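Peer 1:
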Amino acid sequence: MKYAFILGRVYTLSVAELLAVLEKTDASLNLTGEPVKILEASEEILIVETEKPLNVERLQKKLGGVIKILEVIDVIKKREQDSINFALKHYFKPSVLKKQFFKEYKGKMQFGISIYILDMALLQRPQPNPRDKNQGVYNSVFSEPKRVGMMIKNALTDAGQSIRLVLPEYNSLSLASVVVTKNLLLQKGAEICILAAQNNIFTAKTLAVQDFEDYGRRDYQRPVRDEKQGMIPPKVAQIMLNLSGCKNGNTILDPFCGIGTLVQEGLLLGFRMIGSDINKAAIKGSEQNLEWFRNRYKIAPGKYGVEVCDAKNISGLIAKSNQKVSAIVTESTLGPIYGKYPTPVEIQKNFKDLEKLYIDSFGDFNKFLLKGARIVICIPAYRKNRDQYEMFPNLDFAKALGYNLVDIISPAIVKRYKFLKLTSRNTAIYDRKDQIVAREIMIFEKN
Ligand SMILES: C[S@@+](CC[C@H](N)C(=O)[O-])C[C@H]1O[C@@H](n2cnc3c(N)ncnc32)[C@H](O)[C@@H]1O
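If you count the sequence shown from 1, position 360 lands on 347 in our numbering, and the numbers rise without skipping.
(1) Pairing CB atoms from the region 243 to 255 with CB atoms from the region 220 to 228, are three or more of them under 8 Å?
(2) Run through DSSP, which three-state label would Gly123 get?
(3) Quick check for students: name the residue ranges of the alpha helix (DSSP H) that lie wholly in the region 139 to 179, counting only runs of 4 or more.
(4) Just how far apart, CA to CA, sit Lys24 and Ala298?
(5) State the Cα-Cα distance for the pair Tyr(-10) and Lys80, rounded to the nearest angstrom.
(6) Looking only at its own chain, which residues have a Cβ that is under 7 Å from the Cβ of Val59, when we skip the five neighbours before and after it?
(7) Given that a residue counts as buried once 16 or more other Cβ atoms are within 10 Å of its Cβ, and exposed if not, what is Arg209?
(8) Identify every run of the alpha helix (DSSP H) within the region -9 to 16, keeping only runs that are complete inside it and at least 4 residues long; order them along the chain.
(9) With DSSP collapsed to three states, give me the class of Pro329.
(10) Have a look at Gly123 and Leu75 and give me their C-alpha separation to the nearest angstrom.
(11) Less than 9 Å between the C-beta atoms of Leu41 and Cys180, yes or no?
(12) Of the residues Leu9, Gly303 and Ala28, which one's Cα is nearest the Cα of Gly20?
(13) Can you list, in chain order, the residues of its chain whose CB lies under 6 Å from that of Ile265, leaving out five sequence neighbours each side?
(14) Confirm the yes/no value for this check: CB of Thr437, any heavy atom of ligand 1, distance under 8 Å.
(15) Which of helix, strand or coil does DSSP assign to Leu57?
(16) Check whether the region 202 to 220 touches the region 157 to 174, taking contact to mean three or more Cβ pairs, one atom from each stretch, closer than 8 Å.
(17) Pick helix, strand or coil for Pro435, following the three-state DSSP scheme.
(18) With a threshold of 16 other CB atoms inside 10 Å of the CB of Asn241, please say whether the residue is buried or exposed.
(19) Quick one: measure Cβ to Cβ for Leu160 and Ile102, integer angstroms, because I've assumed they're closer than 8 Å.
(20) Mapping the DSSP letters down to three states, classify Ile416 as helix, strand or coil.
(21) Report yes if the CB atom of Lys327 is closer than 9 Å to the CB atom of Val196, and no otherwise.
(22) Check whether the region 344 to 355 and the region 373 to 387 are in contact - that is, three or more C-beta pairs closer than 8 Å.
(23) Based on DSSP bridge pairs, tell me the residues matched to Ile239.
(24) With a threshold of 6 Å on Cβ separation, who are the neighbours of Gly272 within its own chain once the five nearest residues in sequence on each side are excluded?
(25) Do you know offhand how far Asn158's Cα is from Phe98's?
(26) Can you give me the C-alpha to C-alpha distance between Asp198 and Val62, rounded to a whole angstrom?
(27) Just checking my contact of Leu356 with Lys433 at CB under 8 Å: how many whole Å lie between their CB atoms?
(28) Using a Cβ-based criterion (distance less than 8 Å to any ligand heavy atom), does Ala298 qualify as near ligand 1?
(29) Could you tell me how far apart the beta carbons of Phe379 and Glu333 are, in whole angstroms, since I believe they sit closer than 8 Å?
(30) Assuming the contact rule is C-beta atoms closer than 8 Å, Ser29 and Leu105 should be a hit. Round their C-beta distance to whole Å, please.
(31) Would DSSP call Ile346 helix, strand or coil?
(32) Is Phe243 close to ligand 1? I mean its beta-carbon at under 8 Å from any heavy atom of the ligand.
(33) Determine the direct distance from the alpha carbon of Cys244 to that of Gln310, and round the result to whole angstroms.
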């Protein structure tokens, strides 16, 4: 079976999460724990081949960094000079469409069309020579969704099927997941996706899309929010939890839990969670949020606990709890909140203060973490320009305490896919344009 995963905005993290999940043994997702075979990858898509059909609905709910999951139907050869619609001219026959792409539906059917680019050179295709009789008609790639969509619609109309076409917005090639959901495309027809490279095209249909409304609820409808300290977005929390290497039912600790985002997301992924924070008000907020969350998402009682505690002394609390902590997943304090970009002196002072905190905390974690247990942590990084950050200077403290830094994506994959954006130490950055402080996400493993 071939599947395509449409990646989120911070695609490097999406790839890291996806590979970590796909390579795990998980009967509920039909995963065997074998390394997955990657067929193609770009900043937008990762295409894989698996032996067994995946449980796509569950997988979509589990992955914070994947926007859609598609089933790949066919691969079609394309000459470099051909436009996408030209290459597909003879492909979309009514019989193929009905059998391979469309759901049975009694009412007025509708379908959407999205194009994803596997080879970014396609976006800068040179104008063809109009005297060359062998080439397909060239059009801007942005006119392709409409051309391909009309081709399909006309084929179906000619076969007696009346159908509505939903197109991406002007200057966009693909439909947002909200459009797919709001138009009920997966129920009333299909979203047909074209994954285009220079020399071939994959045709695919969407099987699942990210539930954007639910992520909004999990973030904004909580009784307590803390704009000042900041909260990790639920999707990023999911990605970090999925990088922990933990299995369903394992216990994960967040010793800087704030108002409990990682705790709630961990519960939803099937882990037991312990949250702690030095700040009493944060723990009160966590308690309120988690009570709301537990009821809203029907989490069985006894799956979590939150307490006030300094991360530097957390081992005492863990010993009392009698639980085996399989991993730590946390967003530590990012340091002071700056109104404007901090000076180099301020940045270095923050890093020094954080280093002290990490030395004491990681030292205390040593008392209960077992060999192989992971710490997935995000620490601050300051944007210098578009792709460069002032990063925490030195991770030697972790090595000295018995933790190895783990590559967030294996070097072989990084070598093969040049578009992946990793730091020089093979960690990944999550940032947003409007924020001064970005988050560097890293994985340590106890040796
Ligand atoms: C960036 S916030 C974490 C937010 C959390 N991820 C969320 O989404 O709600 C960092 C938290 O670290 C806590 N903190 C700072 N120093 C601490 C320490 N020594 N031990 C435990 N918690 C600490 C702060 O009170 C703050 O709530």
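Each residue gets a CB set at the ideal place from its N, CA and C atoms; glycine is no exception.
The structure presented is a predicted model; accordingly, all values stated were derived computationally and were not measured.
Peer 2: According to the structure data:
(1) Judged by Cβ distances under 8 Å, the region 243 to 255 makes contact with the region 220 to 228, as three or more pairs qualify.
(2) Note on Gly123: pLDDT 49, under 50, position unreliable in the model; the coordinate value appears next. The three-state secondary structure of Gly123, taken from DSSP, is coil.
(3) DSSP runs (the alpha helix (DSSP H)) wholly in the region 139 to 179: 164 to 169 and 172 to 175.
(4) A direct Cα-Cα distance of roughly 40 Å separates Lys24 from Ala298.
(5) When rounded, the distance between both Cα atoms is 22 Å.
(6) Here Val59 has Lys(-11), Tyr(-10), Ala(-9), Ile34, Phe189 and Ala191 as same chain residues with Cβ atoms under 7 Å from its own Cβ, once five neighbours each way along the sequence are excluded.
(7) Buried: at least 16 other Cβ atoms inside 10 Å.
(8) Correct list: -2 to 9.
(9) Coil, per DSSP.
(10) The predicted position of Gly123 is uncertain, since its pLDDT is 49 and thus under 50; no value can be drawn from it.
(11) Taking 9 Å as the cut-off, the Cβ atoms of Leu41 and Cys180 do not count as close.
(12) Nearest option by C-alpha distance: Leu9.
(13) Shown here for Ile265: same chain residues with a beta carbon closer than 6 Å to its own, the five before and five after excluded, namely Asp297 in chain order.
(14) As shown, the chain starts at -12 and ends at 434. That puts residue 437 outside it, with no answer to give.
(15) It is a strand residue.
(16) Contact fails between the region 202 to 220 and the region 157 to 174, because fewer than three Cβ pairs, one in each stretch, are under 8 Å apart.
(17) The structure shown does not extend to residue 435, since the chain is modelled only from -12 through 434, so no value can be given for it.
(18) Note that residue 241 is Asp in the sequence shown, not Asn. Answer is buried; the Cβ neighbour count reaches 16.
(19) Confirmed, Cβ separation roughly 4 Å.
(20) In the structure shown, Ile416 sits in a strand (DSSP, three-state: E or B).
(21) No; because the gap between Cβ atoms is not below 9 Å, this pair is not in contact.
(22) Because the criterion of three Cβ pairs below 8 Å is met, the region 344 to 355 and the region 373 to 387 touch.
(23) Looking at the DSSP output, Ile239 shares a beta bridge with Met260 and Ala314.
(24) Result list for Gly272: Val211 and Ile246, in chain order.
(25) Per the coordinates, the alpha-carbon of Asn158 lies some 19 Å from the alpha-carbon of Phe98.
(26) For the pair Asp198 and Val62, the Cα-to-Cα distance works out to about 29 Å.
(27) Sure, about 5 Å apart at Cβ, within 8 Å.
(28) It does: the Cβ of Ala298 is within 8 Å (strictly closer) of some heavy atom of ligand 1.
(29) Rounded, the Cβ-Cβ distance is 14 Å, inconsistent with contact.
(30) Ser29 to Leu105, Cβ: 5 Å. Contact.
(31) Shown here, Ile346 sits in a helix according to DSSP, grouped into three states.
(32) Yes - ligand 1 has a heavy atom lying nearer than 8 Å to the Cβ of Phe243.
(33) Straight-line Cα distance between these residues: approximately 18 Å.
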